[in-house]
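With UniProt numbering, letter number 301 in the sequence shown gets 301, and the count goes up by one each step, no holes. Beta carbons are placed, not taken as given, at the ideal position from N, Cα and C, and that holds for glycine. Quick caveat: nothing in here was measured; it's all calculated off a predicted structure. What follows is one structure encoded as structure tokens, with my remarks underneath.
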Amino acid sequence: MTGRYQEIYERSIADKEGFWAEAAENISWYKKWDRVLDDSNAPFYRWFVGGKVNTCYNALDRHIENGRGDQAALIYDSPVTNTVQTFTYSHLRDDVARLAGALHARGVTKGDRVIIYMPMIPQAAMAMLACARIGAIHSVVFGGFASNELATRINDAKPKLILTASCGIEGSRVIEYKPLLDKAIAMADHKPESVILFQRPQSDALLMDGRDYDWEVECAKAAPSDCVPVDATDPLYILYTSGTTGQPKGVVRDNGGHMVALNWSMKNIYDVDAGDVYWAASDVGWVVGHSYIVYAPLLAGCTTVMYEGKPVGTPDAGAFWRVISQHKVKVLFTAPTAFRAIKRDDPKAAHMANYDLGSLKALYLAGERSDPDTLQWAENSLGVPVIDHWWQTETGWSICANPRGIELLPIKYGSPTVAACGWDVQVLDEAGKPLERGQIGALAAKLPLPPGTLPTLWQNDDRFKSSYLEEFPGFYATGDAGFIDEDGYIYVMSRTDDIINVAGHRLSTGGMEEVLSSHPDVAECAVIGVHDDLKGQLPLGFIVLKSGVTRPHDAILAEVVAMVRDQIGPVAAFKKATVVERLPKTRSGKILRKTMRSIADGESYNTPATIDDPAILPEIAEVLKEIGYAK
């Protein structure tokens, strides 16, 4: 490959320090770094050692000083409460400074932890920024998370204070947060000193004397706090990875490298500039919400959209088009599952005709594999580039992407394109040896990882090493499997534990899902490997049909089986599939394939903490029993 991307990418690998030092000039520093990259304690690499910064200053105050105070910083759009509210940079900074003052008045200082247990309201973003302002370390726990899961995070992070709201709203349901929080604190060994609660009109929570305080009262009497300089290597936040049980894994993000990488990504990956409207349709409970609802857009001087609603049902499958049209969104970033839901309810994209989508220049998808059928449906419907990109909670930003801000590369369906700058991605066999182009193996990134990635896990260096670094010494193991083609395009086929072994043949369930999802009646699908005495494992397909499909299920299932046999071959031994009403997913849209496999094989399993609706697992178990599994 030749061209501008290749030239810049090669420099990012050959001259890491020069490349990222140049990117760091676009951030304001109280004191410049002594070393760009400190590799003296490998594998614990540190970026911008000796530098002094403040993330909140760079996200808010800096833009006000540069004349952007009256520009919209955050647009809150909530179809579930029929609310649209715009905050300018000045307005947001003032609210954040007062909340930071309220935290300070309750004894929170630099290095203290604060858990944020909140719905998708502006106060959640303010909470994150207020912690950053005074050097406190925030840990956002998805609003409405079960009490026992919240308790494990309280025990691990040991927060001095918890910021919460009276309720969240899921569709038409009001979820009371205070009883869940009270139960979690009662269960936890560590007890926070205080709770500051934002009362929403939909629910009035009872405050406990001596521990709980009203958000608006506390902010009204607080003196605004200035930004506190912190070390570039100091933690900004802890984010617990999804699906953990027992002792959770707290991914740590630092201040300096995080800002440099995210700010760089906004222009070079997403091609947005200061003043542009950027919308990540996610939740602050996930890494996407941290990186691309709150921090990156504000660091880049953009207007960020915070959406409290769903892709369908609030009120219909045209919800996303209404938001894009109303707020002149330039770039939308969401999960493929959101577009599958829209495609399922509105297969012909009829709702689009009601809105002017002229402002939209690109759609980005991430969170799980983007099947080519959904990607092409979005591309054909929207008429803009639809870009799949690949990253993880641990990485904080893209491992692979199509670098639109540098050069829009040809799109290959099924591939998140090429390695992002700073990422040396390789395909390794089980012994850690590099594989040839086109061969499927474990996707791993050569150390050191670029800025913005996890330097370690919260107070658990040993688990950091055992979880990510020991499998392939000198590399970060992504846990994903795939291959690199002759043009350097990377294909992420599945999690490494979703590579199934059928009679000695290593096959990707992701490749089979690609075939199933291309059937005209299929809205979404999943393939898992189930135990087989003869062949070791056999693939089993689950398909959800598009709304309005009335054809007999047996005919559709026979067609998808034939398609897999035709496109992947008899070696796949794909003979069985079943129709289900819905698939079990996390709240971020990841399909719980591992849990489905445990049910099918009759193994014990834990209901993942991040599951969207636990009631679906018994439904899946019943379907599996009907077809001879889950005995």
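Every unbroken beta strand (DSSP E) within the segment 409-489, with a cutoff of 3 residues, ordered by chain: Entirely contained in the segment 409-489, the beta strand (DSSP E) runs reaching 3 residues are, in chain order, 425-428, 441-446, 475-484.
C-beta atoms of Trp397 and Trp390 nearer than 7 Å: Not a contact, by the Cβ cut-off of 7 Å.
Residue from Gly511, Ala341, Trp458, Ser265 whose Cα sits closest to the Cα of Pro372: Distances from the CA of Pro372 to each of Gly511, Ala341, Trp458, Ser265 were compared; the closest alpha carbon is that of Gly511.
Neighbour-count burial assignment, Thr245, 16 or more Cβ in a 10 Å radius: Here Thr245 scores only 43 on pLDDT, less than 50, and its place in the model should not be relied on; the value that follows carries that caveat. If you draw a 10 Å sphere on the C-beta of Thr245, you find fewer than 16 other C-beta atoms in it, and that means exposed.
Cβ shell of Ala577 (< 8 Å), same chain only, five flanking positions each side left out: Once the five neighbours on either side are set aside, the close Cβ partners of Ala577 are Leu516, Leu540, Gly541, Phe542, Ile543, Leu557, Val560, Val561.
Bounding residues of the alpha helix (DSSP H) (the contiguous stretch that carries Ala319): Bounds of the alpha helix (DSSP H) holding Ala319 are 319-327.
In DSSP terms, what Gly536 is bridged to: Note: Gly536 sits in a beta bridge opposite Val502, Asp532.
DSSP three-state assignment for Phe339, whether helix, strand or coil: Phe339 falls in the helix class under three-state DSSP.
Beta strand (DSSP E) segments (min. 3 residues) lying fully within the UniProt domain "Acetyl-coenzyme A synthetase N-terminal" (5-59): Contiguous beta strand (DSSP E) elements confined to the UniProt domain "Acetyl-coenzyme A synthetase N-terminal" (5-59) occur at 35-38, 46-49, taking only those with 3 or more residues.
Leu357 versus Ala378 - alpha carbon distance: Answer to the nearest angstrom: the Cα atoms are 13 Å apart.
Spatial neighbours of Leu262 in its chain, beta-carbon cut-off 7 Å, leaving aside the 5 residues before and after: A distance below 7 Å between beta-carbons, with the five flanking residues on each side excluded, links Leu262 to the following residues of its chain, in chain order: Ser291, Tyr295, Ala296, Leu299, Trp397, Gly452.
Helix, strand or coil at Gly101 according to DSSP, with G and I counted as helix: Helix.
Own chain residues within Cβ distance below 7 Å of residue 634, not counting five before or after: Nothing can be reported for residue 634, as the shown portion of the chain is limited to 1 through 631.
Thr578 in three-state terms, based on DSSP: DSSP places Thr578 in strand when its eight states are reduced to three.
Paired residues, beta bridge with Asp203 - DSSP: The sequence shown places Ser at residue 203, rather than the Asp named in the question. Beta bridge pairing from DSSP links Ser203 with Arg200.
Rounded C-alpha distance that separates Asn380 from Arg551: Distance between the alpha carbons of Asn380 and Arg551: 25 Å.
Check whether Glu514 and Cys525 have beta carbons under 7 Å apart: Here Glu514 is not near Cys525, since their CB atoms are 7 Å or more apart.
At least three beta-carbon pairs within less than 8 Å, the segment 86-93 to the segment 192-207: Taking 8 Å as the limit for Cβ pairs, the verdict is that the segment 192-207 does not touch the segment 86-93.
Stretch pair the segment 280-289 + the segment 45-52: three plus CB contacts closer than 8 Å: The segment 280-289 is not in contact with the segment 45-52.
Beta-bridge pairing of Asp212 - partner residues as DSSP gives them: DSSP links Asp212 through a beta bridge to Val195.
Within 7 Å, strictly: CB atoms of Val623 and Val564: Cβ distance not < 7 Å, so Val623 and Val564 don't count as in contact.
Inter-residue spacing [alpha-carbon to alpha-carbon] between Arg437 and Glu7: If I take the Cα positions, the gap works out to 21 Å.
Cβ shell of Ser265 (< 6 Å), same chain only, five flanking positions each side left out: Counting only Cβ-Cβ distances below 6 Å, and skipping sequence neighbours, we find Trp397.
Closest residue to Gly285 among Val141, Gly414, Val331, Ala184 (Cα-Cα distance): Distance check between Gly285 and each of Val141, Gly414, Val331, Ala184 places Val141 closest, using alpha-carbon atoms only.
Helix, strand or coil at Cys167 according to DSSP, with G and I counted as helix: Looking at Cys167 - three-state DSSP - the assignment turns out to be strand.
Whole-number beta carbon distance between Val418 and Cys400, since they are thought to touch under 8 Å: Yes, they are in contact, since the Cβ atoms of Cys400 and Val418 sit about 6 Å apart, within 8 Å.
Beta-carbon spacing of Tyr240, Gly256 below 7 Å: Cβ distance not < 7 Å, so Tyr240 and Gly256 don't count as in contact.
Complete runs of the beta strand (DSSP E) confined to the segment 247-334 [at least 3 residues]: Complete beta strand (DSSP E) runs here, min 3: 250-254, 277-280, 303-307, 331-334.
Sub-7 Å separation of His190 and Asn155 beta-carbons: Yes, these two residues count as a Cβ contact at 7 Å.
Buried or exposed by the 16-neighbour rule on C-beta atoms within 10 Å, applied to Ile627: The residue in question, Ile627, is exposed, as its Cβ has fewer than 16 Cβ neighbours within 10 Å.
DSSP three-state assignment for Trp390, whether helix, strand or coil: Note: Trp390 maps to strand in three-state DSSP.
Extent of the continuous alpha helix (DSSP H) to which Asp61 belongs: Where Asp61 is concerned, there is no enclosing alpha helix (DSSP H), because DSSP gives it neither an H nor an E.
Beta-carbon proximity list for Ala188, same chain, < 7 Å, skipping 5 on both sides: Take Ala188, set aside five residues on each side of it, and the residues of its chain with a beta-carbon closer than 7 Å to its own are Ala151, Ile154, Asn155, in chain order.
Boundaries (first-last residue) of the beta strand (DSSP E) holding Asp77: For Asp77, the enclosing beta strand (DSSP E) covers residues 72-78.
Other residues of its chain near Lys328: CB distance less than 6 Å, five sequence neighbours each side excluded: Taking Lys328 as the centre and dropping the five residues before and after it, the same chain places the C-beta of Val277, Ser359 closer than 6 Å to its C-beta, in chain order.
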